[in-house]
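Undergrad: Numbering (the UniProt record's numbering), first residue to last: 1 to 398.
Yeah, the Cβ is synthetic: ideal placement off N, Cα and C, and Gly gets one too.
Okay, handing you the structure first.
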């Protein structure tokens, strides 16, 4: 009985193994078929209009008009501007408290005087309001036409007395206000002597990044541009941290002229023209027009930019693209171009047939080309599978 059971088990396992083998074989066939279909199939793209540029990749040193602002005094500093803030000539930048104890005493006195000034302005208001009300009432009675002649004299005398009292109160009030304001002005002038404010000498953008190149990379030193060592100039994050106290003649911040920038670039291109404007693009994506001011020795070019470029405020060196020409047309992979005889062309799929059409290659960029002679929406063969019938395609052409 045990022998018969073992035979039954063996037979079931053989049957199951046979089914698995068939399933594995079928899956392998499907996988091979899928891979072959990818290898042997043709690949197409739909033509569309794109814009490309012919450009020169270069690196340039940024020259700016920068004014370093130092503190003429030693003391407690209070900043009146922020980094990146645009300022005009005469904008307050910071103030230095040279005598803290004296400043504290003056502030207390000013606070008391300003409080007195408000009290003086408000204290006489109720009295004046009462006087004005009495005057209005008497004037209505006097000019009502119901007052007897013998009573008019008394009313006019009383009105005159009220007028004079109001005038006296107003003059006294104004005099007291002027006295207090004069004291406030004197204290503020005294405070300004021990708490001087430093103003901006030029228009521009505030920056706390001081790297030591402010004088070396100034565009007013044109004679030294050819001597600048490109390798010695690097971008840095050196920033002066805001602090509570400052020493005499210590650097505090700088003002960057954000509308006048020069770019000293190294470029071996010989066809650039002096005086011509070129479109340029920084590595951060800012696009701008730059005028080629000078062609210097050692393959160095000096460009002038009259635009506000926030991305270059605190940079010393940057990578740029100098755009030589822009092209617009159908962009295709180079693999789509097939030369027949002395002509370039592509195969267009129309009604499940491949038709050869000559094209003009306008511009090459890497693995792509810009061509003319096609229209948007054309279905272009860009990859020929191994089973592609080239002869049949040529027959359609001829």
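Is the closest heavy atom of the ligand COA to the C-beta of residue 119 under 7 Å?
TA: By its list of ligands, the structure shown contains no ligand whatsoever, and the ligand COA lies outside what it can speak to.
Undergrad: For residue 206 and residue 130, I'd like the C-alpha separation in whole angstroms.
TA: Spanning the two alpha carbons is a distance of roughly 56 Å.
Undergrad: Between the C-alpha atoms of residue 72 and residue 277, what's the straight-line distance to the nearest angstrom?
TA: Going from the Cα of residue 72 to the Cα of residue 277 covers about 43 Å.
Undergrad: Of all the CB atoms in chain C, is at least one closer than 8 Å to the CB of residue 124?
TA: Absence of chain C from the displayed structure is noted, only one protein chain being present.
Undergrad: Which of the three DSSP states is assigned to residue 232 in this structure?
TA: Helix at residue 232.
Undergrad: Among 309, 170, 377, which one has its Cα closest to the Cα of residue 331?
TA: With distances taken between Cα atoms, residue 331 lies closest to 377.
Undergrad: Alpha carbon to alpha carbon, how far is residue 356 from residue 326?
TA: Whole-angstrom Cα-Cα distance: 28 Å.
Undergrad: Mapping DSSP to helix, strand and coil, what is residue 379?
TA: Here residue 379 sits in strand by DSSP.
Undergrad: Per DSSP, what kind of secondary structure is residue 115 in: helix, strand or coil?
TA: Residue 115: helix per DSSP, three-state reduction.
Undergrad: Quick check on residue 23: does DSSP put it in helix, strand or coil?
TA: In the structure shown, residue 23 sits in a helix (DSSP, three-state: H, G or I).
Undergrad: Looking only at DSSP bridge pairs, what is residue 300 linked to?
TA: Residue 300 pairs with 266, 296.
Undergrad: Please report the distance separating the alpha-carbon of residue 430 from that of residue 274.
TA: This structure does not reach residue 430, given that the chain is present from 1 up to 398, and the question cannot be answered.
Undergrad: Between which two residues does the beta strand (DSSP E) holding residue 134 run?
TA: Taken as a continuous stretch (DSSP letters only), residue 134 belongs to no beta strand (DSSP E), being part of the alpha helix (DSSP H) at 125 to 142.
Undergrad: Tell me the DSSP bridge mates of residue 196?
TA: For residue 196, which the question treats as bridged, DSSP gives no partner whatsoever.
Undergrad: Looking only at its own chain, which residues have a Cβ that is under 7 Å from the Cβ of residue 127, when we skip the five neighbours before and after it?
TA: Excluding positions up to five away in sequence, the list reads 169.
Undergrad: Measure the alpha-carbon distance for residue 263 versus residue 284 and round it to whole angstroms.
TA: Each residue's alpha carbon lies about 15 Å from the other.
Undergrad: Have a look at the DSSP bridge pairing and note the partners of residue 202.
TA: BP columns for residue 202 are empty, so no partner.
Undergrad: Locate the beta strand (DSSP E) running through residue 313, then write down its first and last residues.
TA: Here residue 313 belongs to no beta strand (DSSP E), and DSSP marks it neither H nor E.
Undergrad: Consult DSSP for residue 185 and reduce its assignment to one of helix, strand or coil.
TA: Three-state DSSP puts residue 185 in a helix.
Undergrad: Mapping DSSP to helix, strand and coil, what is residue 106?
TA: Looking at residue 106 - three-state DSSP - the assignment turns out to be helix.
Undergrad: Report the residue from 86, 121, 371, 141 whose alpha carbon sits nearest the alpha carbon of residue 174.
TA: Considering only alpha carbons, the answer is 121.
Undergrad: Check whether the Cβ atoms of residue 198 and residue 69 lie closer than 8 Å to each other.
TA: Yes; because the gap between Cβ atoms is below 8 Å, this pair is in contact.
Undergrad: Suppose contacts are defined by Cβ-Cβ distances below 8 Å. Is residue 195 in contact with residue 67 by that definition?
TA: No, the pair does not count as a contact, with Cβ atoms beyond the cut-off.
Undergrad: Does the Cβ-Cβ distance between residue 336 and residue 303 come in under 8 Å?
TA: It is not a contact, given that the beta carbons lie outside the stated cut-off.
Undergrad: Where does residue 400 land, buried or exposed, given buried means 16+ other C-beta within 10 angstroms?
TA: Outside the shown range of the chain (1 to 398) lies residue 400, about which nothing can therefore be said.
Undergrad: Keeping to the same chain, check which residues put their C-beta closer than 6 Å to that of residue 312; ignore five residues upstream and five downstream.
TA: Result list for residue 312: 62, in chain order.
Undergrad: Report all residues from its chain with a CB closer than 6 Å to the CB of residue 75; omit the five preceding and five following residues, and keep chain order.
TA: Answer for residue 75: 96, 97, 98, listed in chain order.
Undergrad: Going by C-alpha to C-alpha distance, which of 253, 165, 189 sits closest to residue 202?
TA: Closest by alpha carbon: 253.
Undergrad: From the DSSP secondary-structure annotation, give me the bridge partner or partners of residue 354.
TA: For residue 354, which the question treats as bridged, DSSP gives the partners 349.
Undergrad: Helix or strand or just coil, what does DSSP make of residue 258?
TA: Reduced to three states, the DSSP call for residue 258 is strand.
Undergrad: Pull the bridge partners of residue 343 from the DSSP assignment, please.
TA: DSSP lists 340 as partners of residue 343.
Undergrad: What do you get for residue 235, buried or exposed, if any count of 16 or more other CB atoms within 10 angstroms of its CB means buried?
TA: Residue 235 should be labelled exposed.
Undergrad: In this structure, does DSSP put residue 365 in helix, strand or coil?
TA: Strand.
Undergrad: How should residue 247 be labelled, buried or exposed, when 16 other C-beta atoms within 10 angstroms of its C-beta is the threshold for buried?
TA: Looking at its Cβ environment, which holds fewer than 16 other Cβ atoms inside 10 Å, residue 247 is exposed.
Undergrad: Can we say the stretch 357 to 369 touches the stretch 77 to 96, given the rule of at least three CB pairs closer than 8 Å?
TA: In short, these stretches do not touch, since the Cβ pair count stays below three.
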